[in-house]
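Heads up, the sequence shown is in the UniProt record's numbering, so the first residue is 1 and it goes up one at a time.
We put the CB at the ideal spot given by N, CA and C, even for glycine.
Taking it in order: structure first as structure tokens, then the write-up.
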Amino acid sequence: MRIYTKTGDSGQTSLYDGTRIDKDSLRVESYGTIDELNSYIGLCINYTKDETDKKILFDIQKFLFYVSADLATIKKDKLKKTIEERDIIKLEKIIDDYINKTEDINAFIIPGTGLASANLHIARTICRRAERRILSLSKYEEVNPLVIKYINRLSDVLYAMARYNEEKLIPMEF
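As structure tokens, this is what we get:
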């Protein structure tokens with residue numbers, strides 16, 4: 001099996017539903033950044049020692065494929081699975097669980113006092129960038145509002161997990 005088709009040599013790619021689109025479009029930027037996030041979360045799994053963290057991150061990776069498929073599809077009837085409100089509620093529960101395990105702090109913290117937390121913070125910033133790309137896309141084309149909501153909550157999950165994995169909290173005071 002070949003992985004190259006040569007159909008993208010002119011700067012276009014095919015969406016999930018077969019629609020041809022420029023590779024530098026906001027839509028491709030959006031799902032491309034989700035792909036980058038998914039890959040980076042894979043790296044995070046290898047740095048965290050907590051088995052619960054690993055399972056949560058692996059489950060998130062699977063859901064990011066649904067997010068990517070949604071963003072890579074104009075004709076939504078082609079989708080087999082989309083993000084639902086219950087998926088967002090699940091993320092909110094994860095956030096609450098992790099925040100309840102950490103000390104209260106009302107300040108910015110210096111990210112990355114350990115390898116796991118540093119990588120989770122990078123994943124969080126990639127997630128925020130993905131959110132900005134998706135919001136830019138939504139100004140010109142229809143975007144599933146639950147995708148935006150899911151990615152917003154996901155960045156909070158990654159923050160909460162990073163906080164939990166910090167080896168030492170270093171607050172910043174202004």
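Span of the alpha helix (DSSP H), counted from its first residue to its last, around residue i
{"i": "ILE41", "result": "26-47"}
{"i": "ILE151", "result": "145-165"}
Alpha-carbon to alpha-carbon, residue j and residue i
{"i": "ILE122", "j": "ARG129", "result": "11 Å"}
{"i": "GLU142", "j": "LEU79", "result": "15 Å"}
{"i": "ASP87", "j": "LYS75", "result": "22 Å"}
{"i": "ILE148", "j": "LYS62", "result": "17 Å"}
{"i": "ASP77", "j": "TYR66", "result": "14 Å"}
{"i": "LYS168", "j": "ASP35", "result": "30 Å"}
{"i": "LEU137", "j": "ILE105", "result": "35 Å"}
{"i": "MET161", "j": "LEU64", "result": "17 Å"}
{"i": "THR82", "j": "ILE89", "result": "15 Å"}
Secondary structure of residue i, DSSP reduced to three states
{"i": "ASP1", "result": "Here residue 1 turns out to be Met, not Asp, going by the sequence shown. Residue state, collapsed to three classes: coil."}
{"i": "THR13", "result": "strand"}
{"i": "ASP22", "result": "strand"}
{"i": "ILE109", "result": "strand"}
Range covered by the beta strand (DSSP E) that runs through residue i
{"i": "ASP96", "result": "Run containing ASP96: none in the beta strand (DSSP E); it sits in the alpha helix (DSSP H), 85-100."}
Cβ distance (whole Å) where residue i is taken to contact residue j below 8 Å
{"i": "GLU131", "j": "ASN144", "result": "GLU131 to ASN144, Cβ: 13 Å. No contact."}
Open item on the list: Three or more C-beta pairs under 8 Å: does that hold for the stretch 11-21 against the stretch 47-59?
Closed with: no
Open item on the list: Three Cβ pairs or more, each shorter than 8 Å: is that satisfied between the stretch 18-36 and the stretch 108-120?
Closed with: no
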